[in-house]
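Participant: Attaching a single structure in structure tokens format; questions to follow.
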Amino acid sequence: MKLDPFYLIVDRASWLPRLLPQGVKLVQLRAKDMEEAQLRTEIATAREVCARYGAQLVVNDHWQLAIDLGCDFVHLGQEDLADADVAAIKRAGLRLGLSTHDEAELELALMAQPDYVALGPVYPTILKKMRWAPQGLERVSAWKKRVGDLPLVGIGGLTIERAQGVLNAGADSVAVVTDVLLNADPEARAREWVLATRETV
Numbered sequence: 001m002k003l004d005p006f007y008l009i010v011d012r013a014s015w016l017p018r019l020l021p022q023g024v025k026l027v028q029l030r031a032k033d034m035e036e037a038q039l040r041t042e043i044a045t046a047r048e049v050c051a052r053y054g055a056q057l058v059v060n061d062h063w064q065l066a067i068d069l070g071c072d073f074v075h076l077g078q079e080d081l082a083d084a085d086v087a088a089i090k091r092a093g094l095r096l097g098l099s100t101h102d103e104a105e106l107e108l109a110l111m112a113q114p115d116y117v118a119l120g121p122v123y124p125t126i127l128k129k130m131r132w133a134p135q136g137l138e139r140v141s142a143w144k145k146r147v148g149d150l151p152l153v154g155i156g157g158l159t160i161e162r163a164q165g166v167l168n169a170g171a172d173s174v175a176v177v178t179d180v181l182l183n184a185d186p187e188a189r190a191r192e193w194v195l196a197t198r199e200t201v
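Just so you know, the sequence shown maps onto residues 1 to 201 in the UniProt record's numbering.
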């Protein structure tokens, strides 16, 4: 499986009609702190908008809703992996992405036979409090040697200026949240990311 080199992460489906027209082809919906009914609506809306723009939707955490709503990709953190029914996810035909932060987590992730693994944070991140130090580019290269043909996503503190180094170090895709969503002009920034990462492939 090949991932688009630019992997956008948003917290609400309402971002998608603004950002997908900029050329974004791979997006994760990471919706937190919502009641199930609202989550269901968010995921269904995101799925419809992604279908309209020919983009791949990845649902963060909520694997059962992703199955129920006919989505085709889910991403789990390590805590969520421990609670998830991976066999049910695979039976439903969903592809699976997993977060990793250290060797032990990578081992657990590989045992689940995911469709990609993510490594983070590559650089210091303001998105959430992390107990892991920034991984750096050497760890990206080491992870890629370890996972081989399995797509590797770099995440954490990424800017356009840092993206090329992460891709050169072995990542197949770079995941971005705050550099787009907190930008004064998110649409223009998303466009810049698309252009910068497409030039590298």
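A virtual CB, placed ideally from N, CA and C, is assigned to each residue, including glycine.
Might you give, ordered along the chain, the residues of its own chain that have their beta carbon closer than 8 Å to the beta carbon of Leu94, omitting 5 neighbours on each side?
Facilitator: In the sequence shown, counting from the first residue as 1, residue 94 sits at position 94. Closer than 8 Å at Cβ, skipping near neighbours: Trp63, Ala66, Ile67, Cys71, Asp72, Phe73 and Val74.
Participant: What are the uninterrupted segments assigned as alpha helix (DSSP H) that are 4 or more residues long and contained completely in the region 45-85, given in chain order?
Facilitator: With a minimum length of 4 residues, the continuous alpha helix (DSSP H) runs that stay inside the region 45-85 are 63-68 and 78-83.
Participant: Whole angstroms is fine: what's the gap from Val201's alpha carbon to Ile43's?
Facilitator: Looking up residue 201 in the sequence shown gives position 201. Looking up residue 43 in the sequence shown gives position 43. Below a pLDDT of 50, predicted positions are generally treated as unreliable, and Val201, at 48, falls in that range; no measurement from the model is reported.
Participant: Taking 8 Å as the threshold (C-beta atoms), are Thr100 and Ala92 in contact?
Facilitator: Here residue 92 refers to the residue found at position 92 of the sequence shown. Here residue 100 refers to the residue found at position 100 of the sequence shown. Their beta carbons are not under 8 Å apart, which means Ala92 does not touch Thr100 by this criterion.
Participant: Within the chosen definition, does the region 174-186 reach the region 147-162 through at least 3 CB pairs nearer than 8 Å?
Facilitator: Verdict: yes, contact present.
Participant: Starting from Leu181, trace the alpha helix (DSSP H) in both directions and tell me its first and last residue.
Facilitator: Counted from its first residue, the sequence shown places residue 181 at position 181. Thr178 to Leu181 is the extent of the alpha helix (DSSP H) around Leu181.
Participant: Quick one: is Ile189 buried, meaning 16 or more other Cβ sit within 10 Å of its Cβ, or exposed?
Facilitator: Reading the sequence shown from its first residue, position 189 is the one you call residue 189. The question names Ile, yet the displayed sequence has Arg at residue 189. So Arg189 ends up on the buried side.
Participant: Can you round the beta-carbon distance between Leu20 and Cys50 to whole angstroms, since I take them to be within the 8 Å contact cut?
Facilitator: What you label residue 20 is simply residue 20 of the sequence shown in a count that begins at 1. What you label residue 50 is simply residue 50 of the sequence shown in a count that begins at 1. Contact flag correct, Cβ pair sits at about 7 Å.
Participant: In terms of residues, what are the limits of the beta strand (DSSP E) holding Val122?
Facilitator: Within the sequence shown, residue 122 is the residue found at index 122, counting from 1. Where Val122 is concerned, there is no enclosing beta strand (DSSP E), given that its DSSP letter is neither H nor E.
Participant: Between which two residues does the alpha helix (DSSP H) carrying Ser14 extend?
Facilitator: Along the sequence shown, one-based indexing puts residue 14 at 14. Unbroken run through Ser14: none, as it is neither H nor E.
Participant: Can you give me the C-alpha to C-alpha distance between Gln135 and Leu69, rounded to a whole angstrom?
Facilitator: As a working note, residue 135 is residue 135 in the sequence shown. As a working note, residue 69 is residue 69 in the sequence shown. About 35 Å.
Participant: Go to Leu158, then tell me how far its alpha helix (DSSP H) extends in each direction, as first and last residue.
Facilitator: As a working note, residue 158 is residue 158 in the sequence shown. Leu158 -> no alpha helix (DSSP H), and no H or E assigned at all.
Participant: Could you pull the DSSP bridge partners for Thr100 from this structure?
Facilitator: Counted from its first residue, the sequence shown places residue 100 at position 100. Thr100 pairs with Leu119.
Participant: Do Pro186 and Arg18 count as a contact pair if the criterion is CB distance below 8 Å?
Facilitator: For the purposes of this step, residue 18 is identified with residue 18 of the sequence shown, where counting begins at 1. For the purposes of this step, residue 186 is identified with residue 186 of the sequence shown, where counting begins at 1. Yes.
Participant: Say the cut is 7 Å; is the CB of Glu192 nearer than that to a heavy atom of the ligand MG?
Facilitator: Looking for the ligand MG in the displayed structure turns up nothing, as the structure carries no ligands at all.
Participant: Within 10 Å of its beta-carbon, does Asn60 have 16 or more other beta-carbons around it, so buried, or fewer, so exposed?
Facilitator: In the sequence shown, the residue the question calls residue 60 occupies position 60. That one is buried.
Participant: Closest Cβ-Cβ distance between Thr41 and chain D: below 8 Å?
Facilitator: The chain inventory of the structure shown lacks chain D, comprising one protein chain alone.
Participant: Quick one: what does DSSP say Trp30 is sitting in, helix, strand or coil?
Facilitator: One-based indexing of the sequence shown puts residue 30 at position 30. For the sequence presented, residue 30 should be read as Arg rather than Trp. Looking at Arg30 - three-state DSSP - the assignment turns out to be coil, as it is neither helix nor strand.
Participant: Apart from the five residues on each side of it in sequence, which residues of its chain come closer than 7 Å, Cβ to Cβ, to Ala169?
Facilitator: By 1-based counting over the sequence shown, the position of residue 169 is 169. Excluding sequence neighbours, Ala169 sits near Leu137, Val140 and Ser141.
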